[in-house]
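Chains as they are written, first to last, in the working numbering: chain A, 31 to 350; chain B, 13 to 269. Report on one structure; see the data block that follows.
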Amino acid sequence: MGQRNGIEVEDLVREFRKGPRAVDGISLTVDPGEVYGFLGPNGAGKSTTVLMLTTLLPPTSGTARVAGYDIVREGPQVRASIGAALQEAALDPFLTGRDHLRLQAALHGLSRAERKKRGDELLERVGLSEAGDRRVRGYSGGMKRRLDLALALVHRPSILFLDEPTTGLDPQSRSALWAEVSRLARDEGVTVFLTTQYLEEADVLADRVGIIDEGRIVAEDTPEALKAEIGRPSVEATPMEPEQRSAVVKVLSRFGEEIPSQPGAVAVRLDRGDLADVVRALDAEDLKVSNLRLDEPSLNDVFLEKTGRSLEGEGEEAQT
Amino acid sequence: MGPSLLTQVAAIAQRSVLRTARQPAVVVSALLFPMMFFSINAYGLDAAARIPGFPADTYMDFAFAFPLIQASLFGAITAGADLARDIESGFFDRLSLTPMRPVALLLGMLAGIVALGLLQGVVFLTVGVMMGVDVRSGLAGMVVIVVLMVLVALGFGGLGAILALRTGSVEAVESAFPLFFVAIFMSSINLPRDLIEADWFRFVATINPISYLVEGIRSLVITGWDAQALLLGFGCAAGIIVLALGGAAASLRTRVA
């Protein structure tokens, strides 16, 4: 028997006819109350995993227990325990926000009085009280996403699946959603399984991150541990005089291997010494820089190390 | 304990009715087009009533079944397309993630069809009588006409649901509309079967269950109370309902499995 609000996945596989293995034998465990970030580029298998864990798509092989229930044999129990906001905020343009909440609450068996109370409470929580009686076809993308989250919370689920919840949102809406997800995990003990292609999102929200690429988990740990695995920070210097660039390269090369940098700048991964040593070395050679920056390793560095590709910029691309 | 089936059906039906009511274009076309076709047929083909052996005094009385059957078809295609749209948009998945019983989705959708069918039946009868249609079976017959029309709408609605659930495509459901329309025309909708001259057409009209739905409704207008026509009409409607809803329920099980 799995944990009441945990997730246990073992060798989960999903093959599509005439297609590749979208999910290729993933295993993972999400502890109760944990925010698990599932990070990967478009087409990596994130959404297929969510569809299987929410019982909307049967796995080809492997097993998974959500809230202690088997996703294949105990679908109704799984569905009663979870809330989900899938990749597309599937809403009816002719219904109002309040209509949606009322429908969802009725289908979950809330009494008539509870439906109204819960609807008002959730509209307030996601900042849609004013817009609650307007038809959804007039909502912005951010409003739809917030309503989607409210709908997933109607029945107070113990596990929440969020499939790329902030894709396409403006920074303000994104921050508001992050705050709400953090609050749910912290104050209500909700387990959150969150897929994202935004590095910052995984870094800010997730207690642990699983990096998925081509259907396989290539790394999994806390964001800090994953970055520590890369270990070394990088230093980027922009010479004051462009003609001094080669001299700056020469100096920085003493501290580590050169890595890609901003145009006109020089960057190295620090193998020896620290920022103060770099400053002293540049000063000793009388080289002036207009900008000097120390960067701690990012999740993108982890992704780059594990897959040989960069994840940065993926989030801006169209969904597939 | 989970929510009752009745609560779930009521919630889905309420959504279905709200959706339709908030799309005035759908309501207006569902009411306007069948009556427009009826008016054109009734006045344009009025001379047909003078054919020897024609069973009605006016072609208008004879043709009154047409808008009722056509309206049922409109309602069914609209509901089927709505269901397919829900599947395409992911709204169906949203509903599937609740403890909703699959049958509640079907019954709720059909409740919406019944509501639209009732509205259409009452409006058409009112307008028809105002235009001069003489319903021989009187007020009680009008009630039976609406009941039979709603049953026809339920049967067609079940067929629309099968298409939606099997294909999950709005285009596929809407492209079936001409086929249904042809099926209506290949019945006794425009002429009594015994006056159809072409043997093949008469044969097709005789084996086409829509003929018996039409003749059941028509008998209440032009004859009065014709037990045989009503039995055949209600029998065919019940048969279509059983087959269509059975098929729709099986398709639903496959989709939510």
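Glycine included, C-beta positions come from ideal geometry on N, C-alpha and C. Treat the numbers as computed from the prediction; the structure is a model and nothing was measured.
Please work out which residues of its chain come closer than 7 Å, Cβ to Cβ, to residue i, disregarding the five sequence neighbours upstream and downstream, and give them in chain order.
{"i": "residue 347 (chain A)", "result": "The predicted model places residue 347 (chain A) with a pLDDT of 41, which falls under 50 and marks its position as unreliable, so this point remains unresolved."}
{"i": "residue 84 (chain B)", "result": "129, 161, 164, 165 and 168"}
{"i": "residue 264 (chain A)", "result": "289, 297, 298, 299, 300 and 325"}
{"i": "residue 245 (chain B)", "result": "160, 224, 225, 227, 228 and 229"}
{"i": "residue 138 (chain A)", "result": "184 and 185"}
{"i": "residue 124 (chain B)", "result": "25, 28, 29, 32 and 91"}
Can you tell me whether residue i is helix, strand or coil according to DSSP?
{"i": "residue 20 (chain B)", "result": "helix"}
{"i": "residue 350 (chain A)", "result": "Any reading at residue 350 (chain A) needs caution, since the residue's pLDDT is 33, under 50, leaving its predicted position unreliable; the model's value is listed next. It is coil, neither helix nor strand."}
{"i": "residue 95 (chain B)", "result": "helix"}
{"i": "residue 242 (chain A)", "result": "strand"}
{"i": "residue 66 (chain B)", "result": "coil"}
{"i": "residue 193 (chain A)", "result": "strand"}
{"i": "residue 54 (chain A)", "result": "strand"}
{"i": "residue 222 (chain A)", "result": "strand"}
{"i": "residue 64 (chain A)", "result": "coil"}
{"i": "residue 32 (chain B)", "result": "helix"}
{"i": "residue 219 (chain B)", "result": "helix"}
{"i": "residue 311 (chain A)", "result": "helix"}
{"i": "residue 26 (chain B)", "result": "helix"}
{"i": "residue 205 (chain B)", "result": "helix"}
{"i": "residue 304 (chain A)", "result": "coil"}
{"i": "residue 163 (chain A)", "result": "coil"}
{"i": "residue 179 (chain B)", "result": "helix"}
{"i": "residue 259 (chain A)", "result": "helix"}
{"i": "residue 147 (chain B)", "result": "coil"}
{"i": "residue 273 (chain A)", "result": "helix"}
{"i": "residue 119 (chain A)", "result": "coil"}
{"i": "residue 251 (chain A)", "result": "strand"}
Grab me the residues of residue i's own chain with a C-beta within less than 6 Å of its C-beta, minus the 5 sequence neighbours each way, in chain order.
{"i": "residue 117 (chain A)", "result": "77, 193 and 194"}
{"i": "residue 236 (chain B)", "result": "148 and 149"}
{"i": "residue 113 (chain A)", "result": "182, 183, 187 and 190"}
{"i": "residue 48 (chain B)", "result": "none"}
{"i": "residue 99 (chain A)", "result": "107 and 108"}
{"i": "residue 315 (chain A)", "result": "281"}
{"i": "residue 91 (chain A)", "result": "43"}
{"i": "residue 327 (chain A)", "result": "257 and 260"}
{"i": "residue 237 (chain A)", "result": "64 and 65"}
{"i": "residue 170 (chain B)", "result": "256, 257 and 260"}
Sort the options by Cα distance to residue i and report the nearest one.
{"i": "residue 153 (chain B)", "options": "B:247, B:232 and B:253", "result": "B:232"}
{"i": "residue 109 (chain B)", "options": "A:145, A:104 and A:196", "result": "A:104"}
{"i": "residue 22 (chain B)", "options": "B:122, B:90 and B:158", "result": "B:122"}
{"i": "residue 223 (chain A)", "options": "A:81, A:47 and A:53", "result": "A:81"}
{"i": "residue 17 (chain B)", "options": "B:66, B:86, B:106 and B:120", "result": "B:120"}
{"i": "residue 241 (chain A)", "options": "A:61, A:40, A:44 and A:75", "result": "A:75"}
{"i": "residue 64 (chain B)", "options": "B:254, B:262, B:207 and B:242", "result": "B:207"}
{"i": "residue 95 (chain B)", "options": "B:181, B:240 and B:82", "result": "B:181"}
{"i": "residue 36 (chain A)", "options": "A:110, A:221 and A:126", "result": "A:221"}
{"i": "residue 247 (chain A)", "options": "A:51, A:46, A:47 and A:58", "result": "A:58"}
Grab the span of the beta strand (DSSP E) containing residue i for me, first residue to last.
{"i": "residue 299 (chain A)", "result": "296-299"}
{"i": "residue 321 (chain A)", "result": "319-325"}
{"i": "residue 265 (chain A)", "result": "264-269"}
{"i": "residue 44 (chain A)", "result": "37-45"}
For the alpha helix (DSSP H) containing residue i, list its first residue and its last residue.
{"i": "residue 113 (chain A)", "result": "Per DSSP, residue 113 (chain A) belongs to no alpha helix (DSSP H); it is in the beta strand (DSSP E), 112-115."}
{"i": "residue 237 (chain A)", "result": "Neither: residue 237 (chain A) is in no alpha helix (DSSP H) and is coded neither H nor E."}
{"i": "residue 282 (chain B)", "result": "As shown, chain B starts at 13 and ends at 269. That puts residue 282 (chain B) outside it, with no answer to give."}
{"i": "residue 335 (chain A)", "result": "329-337"}
{"i": "residue 136 (chain B)", "result": "114-143"}
{"i": "residue 146 (chain A)", "result": "142-155"}
{"i": "residue 285 (chain A)", "result": "First-last for residue 285 (chain A): undefined, no H or E at that position."}
{"i": "residue 134 (chain A)", "result": "127-137"}
{"i": "residue 182 (chain A)", "result": "171-182"}
{"i": "residue 107 (chain B)", "result": "103-108"}
{"i": "residue 190 (chain B)", "result": "189-197"}
For residue i, collect the residues of the same chain with a Cβ closer than 8 Å to its Cβ; drop the 5 residues on either side in sequence, then sort them by chain order.
{"i": "residue 61 (chain B)", "result": "68, 69, 70, 71 and 74"}
{"i": "residue 35 (chain B)", "result": "none"}
{"i": "residue 148 (chain A)", "result": "131, 135, 140 and 184"}
{"i": "residue 101 (chain B)", "result": "none"}
{"i": "residue 195 (chain B)", "result": "220 and 222"}
{"i": "residue 157 (chain A)", "result": "176 and 206"}
{"i": "residue 51 (chain B)", "result": "143"}
Quiz item: What runs of the alpha helix (DSSP H), each 4 residues or longer, lie entirely inside the segment 46-90 of chain B?
Solution: For the alpha helix (DSSP H) assignment, the uninterrupted runs of no fewer than 4 residues enclosed by the segment 46-90 of chain B are, from N- to C-terminal side, 71-75.
Practice problem: Kindly provide the ranges of any beta strand (DSSP E) runs that are 3 or more residues long and lie completely inside the segment 61-105 of chain A, ordered along the chain. | Solution: Taking 3 residues as the minimum length, the beta strand (DSSP E) runs contained wholly in the segment 61-105 of chain A are 65-69 and 91-96, in order along the chain.
Quiz prompt | Ordered list of alpha helix (DSSP H) runs contained in the segment 219-268 of chain B, each at least 4 residues | solution = The qualifying runs are 221-234 and 239-268.
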